[in-house]
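**Q**
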Amino acid sequence: MTIASAALLLFLILDPLGNIPVFLSLLRTLPPQRQRIVLARELLIALGVLMAFLWAGKYALELMHLRQESVSIAGGIVLFLIGIRMIFPPPEGLMGEIPDGEPFIVPMAIPLVAGPSGMAAVILMGSNEPARLGDWSLALFIAWAATAAILFSATYLYKWLGQRVLTAVERLMGMLLVAISVQMLMDGIATYLHVQGP
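Numbering (my numbering), first residue to last: 2 to 199.
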């Protein structure tokens, strides 16, 4: 796998276009200047997490006696709950009471950008070809930079789309997120059962 193909694969897994409505929903109560600061912080945290999983994820999972299926199932449950709240938002907002009125780490950095699929992909790259960790780091950075560029431009969409359109898109993305989370759960369970054997 070349650096370009690895970067493209990671870009598709990070799914910046699919994350736009969720990010807009989470950031819409903040002033524009603060939105950019929070977005930059969350993206940097996500990059740090993915780099850590690339370089040390395999050893961390072994140390904690966790398997990749566990990470996938846990991520699926979290995304399912977020999707349900997007479809049926509670009065206090998507993520409930958030300190200082803004998200921190969950759910923007993890699991929306640095999700279980991204973590699993970088762990797989690092463990399959450990001699090319430098190449995979570059590919990850390219994918992250493209994701960051798209998500930063998305903060300007709110004034163009308006409240009604954004709410409708948020409900639609909630339904898609529920479907994705169920697929993640099923994949994790299927992998676990396959590894366990009859």
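Each residue gets a CB set at the ideal place from its N, CA and C atoms; glycine is no exception.
1) Does the beta-carbon of Ala149 have 16 or more other beta-carbons within 10 angstroms, so that it is buried, or is it exposed?
2) Between the segment 58–72 and the segment 171–182, do at least 3 Cβ pairs fall closer than 8 Å?
3) Which residue from Leu15, Pro17, Leu40 puts its Cα closest to that of Leu27?
4) From Ile151 to Pro104, what distance separates their C-alpha atoms?
5) Go ahead and pull the three-state DSSP assignment for Phe89.
6) Considering Ala146, what are the terminal residues of the alpha helix (DSSP H) in which it resides?
7) With distances taken from CA atoms, which of Thr30, Val79, Glu43 is nearest Ile181?
8) Assuming Val114 and Leu44 form a contact by the criterion Cβ under 8 Å, report the distance between their Cβ atoms to the nearest whole angstrom.
9) What residue does the alpha helix (DSSP H) around Phe54 start on, and which one ends it?
10) With distances taken Cα to Cα, identify the nearest neighbour of Val23 among Phe12, Ile74, Ser71, Ile83.
11) For Ser128, is the classification buried or exposed, using 16 other Cβ atoms within 10 angstroms of its Cβ as the cut-off for buried?
12) Using the Cα positions of Met2 and Pro90, report the straight-line distance between them to the nearest angstrom.
**A** Once the coordinates are examined:
1) Stepping through the sequence shown from its first residue, residue 149 is reached at position 148. It counts as buried.
2) no
3) Translated into positions along the sequence shown, residue 27 becomes position 26. If we check each option's Cα against that of Leu27, Leu40 comes out closest.
4) Taking the sequence shown and counting its residues from 1, one reaches residue 151 at position 150. Taking the sequence shown and counting its residues from 1, one reaches residue 104 at position 103. Computed Cα separation, rounded: 19 Å.
5) Your numbering for residue 89 matches position 88 in the sequence shown. Residue state, collapsed to three classes: coil.
6) In the sequence shown, residue 146 corresponds to position 145, counting from 1. Looking at the DSSP string, the run of the alpha helix (DSSP H) that includes Ala146 is 134–155.
7) As a first step, residue 181 is located in the sequence shown; it is residue number 180 there, counting from the start. The option with the nearest alpha carbon to Ile181 is Val79.
8) What you label residue 114 is simply residue 113 of the sequence shown in a count that begins at 1. What you label residue 44 is simply residue 43 of the sequence shown in a count that begins at 1. About 7 Å separates the two Cβ atoms, so the contact holds.
9) Residue mapping note: residue 54 aligns to position 53 of the sequence shown, counting from 1. Where Phe54 is concerned, the enclosing alpha helix (DSSP H) stretches over 33–64.
10) Taking the sequence shown and counting its residues from 1, one reaches residue 23 at position 22. Of the candidates Phe12, Ile74, Ser71, Ile83, the one whose C-alpha sits nearest the C-alpha of Val23 is Ile83.
11) Working through the sequence shown from its first residue, we reach residue 128 at position 127. By the 10 Å Cβ count, Ser128 comes out exposed.
12) What you label residue 2 is simply residue 1 of the sequence shown in a count that begins at 1. What you label residue 90 is simply residue 89 of the sequence shown in a count that begins at 1. Distance between the alpha carbons of Met2 and Pro90: 42 Å.
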